[in-house]
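Just so you know, we're using our numbering here: the sequence shown kicks off at 33 and counts up by one. For every residue, glycine included, the Cβ atom is placed at its ideal position computed from N, Cα and C. Beneath this line is the structure, given in structure tokens, with notes to follow.
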Amino acid sequence: MCGILGRFQRRLGQRPPLSPRDLATLAHRGPDGSGVFTNPYIQLGHSRLAIIDLTEGGQQPMILGSGRYVVTYNGEIYNYLEIRSELEAKGERFTSSSDTEVLLAAYKVWGRACVNRFRGMFAFALWDEQEKTLFLARDRCGEKPLFYHRDGDCFSFASELKGLLPLLAHRPALDSAVVDMYLHYQYVPEPYTLLQGVHKLPAAHTLVLTPRDWHAEPLRYWNVEDIVDSPGLPADRAGVLPLIRDAVEDAVTLTLRSDVPVGVALSGGIDSGAIAALAQRHYPEPMHAFCVGYPGRPSYDERHHARQLAEQLGMIVHEVELPVESFVDFFPQLVRIMDEPIADPAAFGHYSVPKAAADQGIKVLLTGLGGDELFWGYPWVAKAAVANETIAKSPLLASAGPLLASANVHRILRRMTDSPNAPSKLRRWTGFLQEIADSYTPKNQLRFYTAAPDFNDARRIKDSVYGPAMRNLLADNPFKPTDIGPRAVERIPAAIIRLLFDTWLTSNSLSLGDRVSMGVGVESRLPFLDVRLIELVMALRNKYPDHTLGQKAWLRAALKGVLPDDVLARPKAGFQPPVWEWLSGVVARYGSNLRDGHLVKAGILAEKKADYVLQELPKQGWPGLFFSYKLVLLEQWFQEVVVCDS
Numbered sequence: 033m034c035g036i037l038g039r040f041q042r043r044l045g046q047r048p049p050l051s052p053r054d055l056a057t058l059a060h061r062g063p064d065g066s067g068v069f070t071n072p073y074i075q076l077g078h079s080r081l082a083i084i085d086l087t088e089g090g091q092q093p094m095i096l097g098s099g100r101y102v103v104t105y106n107g108e109i110y111n112y113l114e115i116r117s118e119l120e121a122k123g124e125r126f127t128s129s130s131d132t133e134v135l136l137a138a139y140k141v142w143g144r145a146c147v148n149r150f151r152g153m154f155a156f157a158l159w160d161e162q163e164k165t166l167f168l169a170r171d172r173c174g175e176k177p178l179f180y181h182r183d184g185d186c187f188s189f190a191s192e193l194k195g196l197l198p199l200l201a202h203r204p205a206l207d208s209a210v211v212d213m214y215l216h217y218q219y220v221p222e223p224y225t226l227l228q229g230v231h232k233l234p235a236a237h238t239l240v241l242t243p244r245d246w247h248a249e250p251l252r253y254w255n256v257e258d259i260v261d262s263p264g265l266p267a268d269r270a271g272v273l274p275l276i277r278d279a280v281e282d283a284v285t286l287t288l289r290s291d292v293p294v295g296v297a298l299s300g301g302i303d304s305g306a307i308a309a310l311a312q313r314h315y316p317e318p319m320h321a322f323c324v325g326y327p328g329r330p331s332y333d334e335r336h337h338a339r340q341l342a343e344q345l346g347m348i349v350h351e352v353e354l355p356v357e358s359f360v361d362f363f364p365q366l367v368r369i370m371d372e373p374i375a376d377p378a379a380f381g382h383y384s385v386p387k388a389a390a391d392q393g394i395k396v397l398l399t400g401l402g403g404d405e406l407f408w409g410y411p412w413v414a415k416a417a418v419a420n421e422t423i424a425k426s427p428l429l430a431s432a433g434p435l436l437a438s439a440n441v442h443r444i445l446r447r448m449t450d451s452p453n454a455p456s457k458l459r460r461w462t463g464f465l466q467e468i469a470d471s472y473t474p475k476n477q478l479r480f481y482t483a484a485p486d487f488n489d490a491r492r493i494k495d496s497v498y499g500p501a502m503r504n505l506l507a508d509n510p511f512k513p514t515d516i517g518p519r520a521v522e523r524i525p526a527a528i529i530r531l532l533f534d535t536w537l538t539s540n541s542l543s544l545g546d547r548v549s550m551g552v553g554v555e556s557r558l559p560f561l562d563v564r565l566i567e568l569v570m571a572l573r574n575k576y577p578d579h580t581l582g583q584k585a586w587l588r589a590a591l592k593g594v595l596p597d598d599v600l601a602r603p604k605a606g607f608q609p610p611v612w613e614w615l616s617g618v619v620a621r622y623g624s625n626l627r628d629g630h631l632v633k634a635g636i637l638a639e640k641k642a643d644y645v646l647q648e649l650p651k652q653g654w655p656g657l658f659f660s661y662k663l664v665l666l667e668q669w670f671q672e673v674v675v676c677d678s
């Protein structure tokens with residue numbers, strides 16, 4: 033796990049070489065060493081967090097024997113031992129015990145198809161001196177980040193914006209269309225960034241550049257939606273659960289490979305509990321478990337549940353308590369650590385766990401992230417699948433969407449759905465009608481994010497505060513990240529999972545998880561995102577659909593005997609910080625930056641609307657407060673990341 037950066041020059045001698053200051057921008061990602069490779073075309077930089085092969089043999093950038101191939105690589109290939117054995121059988125010889133050398137040898141033998149053999153998380157840039165080719169790749173789910181900028185003469189890349197921006201000749205301006213997306217989603221959906229000309233290499237994509245093919249575009253090599261079969265599928269539903277249980281355990285076992293101590297981020301829920309139970313089963317000594325709580329131990333504080341499970345498993349428990357003032361005081365630093373504005377209210381809690389691990393000398397942390405996305409953990413996502421299936425089968429319902437979305441009809445439906453006196457069947461039916469009440473999603477798209485309240489709140493609020501730079505945006509601008517077209521009825525559940533993976537998982541959950549852990553020099557590992565597990569689950573549900581069975585039905589049933597029954601029966605909670613107090617505190621302390629800030633100067637926020645955002649919007653309840661917070665966060669991000677590094 034590391035930080036990578038570099039430049040590829042189309043014409044020789046266009047930019048100065050990488051400097052120690054350039055490498056220092058990513059030192060938090062790799063405090064254990066750094067290195068640079070330079071030739072007339074390419075500059076590769078690396079800051080190292082030593083996890084596998086702690087010797088000098090694991091240093092990067094790494095050159096393969098003959099000098100033809102050089103790589104700077106961020107991540108872990110968990111199945112590197114198996115790949116190494118396969119390569120040795122083909123005559124390859126190794127001088128280190130690192131997975132980096134395995135990556136290089138895999139590229140030498142299999143070329144660009146090597147990524148299909150990797151189980152793990154990675155972002156790397158590999159230079160072929162003979163072909164004068166730069167090959168960039170990112171893992172299937174997007175666990176590891178890679179930003180890039182390309183002009184007529186120079187292609188620059190880095191693990192974070194903080195590492196990329198100093199490499200550019202000019203500081204890019206804000207992209208108003210992407211600002212609009214951010215205010216709807218609470219994060220910046222890839223491949224977009226908030227800065228014009230700066231992109232993210234999308235998850236499961238590669239990019240190949242040469243001086244002759246300078247404008248090549250990324251190519252997808254894997255898609256969660258396209259997995260329709262897998263060897264050894266059971267003949268009936270009874271065989272589903274053992275396969276899932278074994279695949280989860282195999283993924284956990286694989287992610288335990290490390291030459292440094294491994295800990296576990298533990299809440300009181302199923303996902304992290306399963307990882308903890310299976311990891312401790314295969315770890316030679318008591319593992320360290322880390323959990324978060326809040327002053328006064330409110331009802332959503334899960335420390336009791338986490339400690340109870342950890343002690344049953346024989347783990348060493350560390351608790352972290354997060355007062356409101358700690359979040360407000362730390363906010364500017366957290367914004368810089370996040371690298372992009374990610375308005376997830378749980379961000380500080382997610383940061384505090386790896387920080388506690390780092391304080392205990394733990395450099396690898398297993399987490400349960402990905403379980404919700406793979407196993408229908410969010411009720412609104414499963415409802416979106418059902419709503420789209422119903423609409424596909426009944427076109428008349430689709431045409432009724434605009435009528436149902438009218439204010440008066442929607443108010444009646446909501447009142448009936450929420451009425452305790454209405455029959456349960458009527459409440460379910462009116463609730464479903466609310467799901468399909470949508471006059472905003474483009475007709476050729478699946479209905480998805482309009483089922484998420486914050487998305488609709490932004491659509492309602494934004495026109496009252498937007499400045500001149502935002503007035504010519506197309507109505508479908510927020511829907512660009514979900515524009516994958518329609519699907520046949522039987523393919524809708526897989527397409528919904530793809531939409532969740534391509535947006536929320538990658539750009540909110542994984543981006544946030546990567547930055548807050550790497551901000552303190554800790555590597556987070558996510559067993560639920562193992563490619564073999566994902567492909568198995570997707571192939572199984574293609575044969576035996578599970579989106580109507582209930583929240584995480586397969587996972588709960590598969591884990592019987594692994595976790596106590598009371599844990600399996602516990603409803604999802606997740607990080608639930610004192611959101612109102614945290615966000616109100618941030619808006620009150622840092623909101624004044626909006627009045628003469630960059631958002632007003634750039635025409636994104638109307639000049640006379642700053643006081644309205646700070647004083648009136650929060651009075652509208654959660655929708656108004658959250659929108660205000662997103663704007664304050666965006667302004668703070670511009671100051672901490674864009675201006676600070678100029």
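Where residue i falls, given that 16 or more other Cβ within 10 Å makes a residue buried
| i | result |
| --- | --- |
| E343 | exposed |
| Q312 | buried |
| E175 | buried |
| H320 | buried |
| N540 | buried |
| A205 | exposed |
| W412 | exposed |
| N420 | buried |
| Q392 | exposed |
| R182 | buried |
| T87 | exposed |
| C173 | buried |
Beta-carbon proximity list for residue i, same chain, < 7 Å, skipping 5 on both sides
| i | result |
| --- | --- |
| R61 | C34, G35, S79, L81, S191, M550 |
| L565 | A279, V280, A283 |
| P327 | E353, P355 |
| L266 | Note on residue identity: the sequence assigns Pro, not Leu, to residue 266. Cβ within range, chain order: V272, L275. |
| D515 | Q477 |
Proximal residues to residue i (C-beta, below 8 Å), its chain only, five neighbours per side dropped
| i | result |
| --- | --- |
| W614 | V356, F359, V360, P377, F380 |
| V134 | I109, Y112, I115, R116, L119, F126 |
Proximal residues to residue i (C-beta, below 6 Å), its chain only, five neighbours per side dropped
| i | result |
| --- | --- |
| A416 | F480, A483, I528 |
| G629 | E667 |
| P293 | I394 |
| D85 | S128, S129, S130 |
| T535 | P221, P513 |
| A519 | Per the sequence presented here, residue 519 reads as Arg, with Ala not at that position. A527, listed in sequence order. |
Residue i, enclosing beta strand (DSSP E) - first and last residue
| i | result |
| --- | --- |
| W159 | 152-160 |
| T104 | 101-109 |
| T70 | 66-70 |
| I74 | 74-80 |
| K232 | 230-232 |
| L205 | First, the residue type needs correcting, since residue 205 is Ala and not Leu in the sequence shown. Counting along the chain, A205 falls outside any beta strand (DSSP E), and DSSP gives it neither H nor E. |
Reference residue i; option with closest CA among the options
| i | options | result |
| --- | --- | --- |
| A248 | E334, L166, R443 | L166 |
| S208 | Y224, L196, G195 | Y224 |
| C146 | T238, T87, Y214 | T238 |
| G679 | L76, T127, V256, E118 | Any answer about residue 679 is impossible in this case: the structure gives the chain only from 33 up to 678. |
| P177 | Q162, G593, E222, E161 | E222 |
| W159 | G517, Y105, V632, S262 | Y105 |
| L561 | T70, D303, L631 | D303 |
| K475 | P427, G617, M502, F464 | P427 |
Run of the alpha helix (DSSP H) containing residue i, from where it starts to where it stops
| i | result |
| --- | --- |
| S680 | Here the chain comprises residues numbered 33 to 678, so residue 680 is not present and cannot be evaluated. |
| R564 | 563-575 |
| G195 | 193-196 |
| H630 | 630-633 |
| K140 | 131-142 |
| A414 | 411-425 |
| G617 | 611-622 |
| G403 | 403-406 |
Bridge-paired residues (DSSP) for residue i
| i | result |
| --- | --- |
| Q41 | C186 |
| L251 | T238 |
| A169 | F156, T238 |
| G325 | E353 |
| S556 | L397 |
| I95 | V102 |
Residue i CB to nearest heavy atom of the ligand ATP below 8 Å
| i | result |
| --- | --- |
| Q668 | In the structure on display, the ligand ATP does not appear, and there are no ligands present to speak of. |
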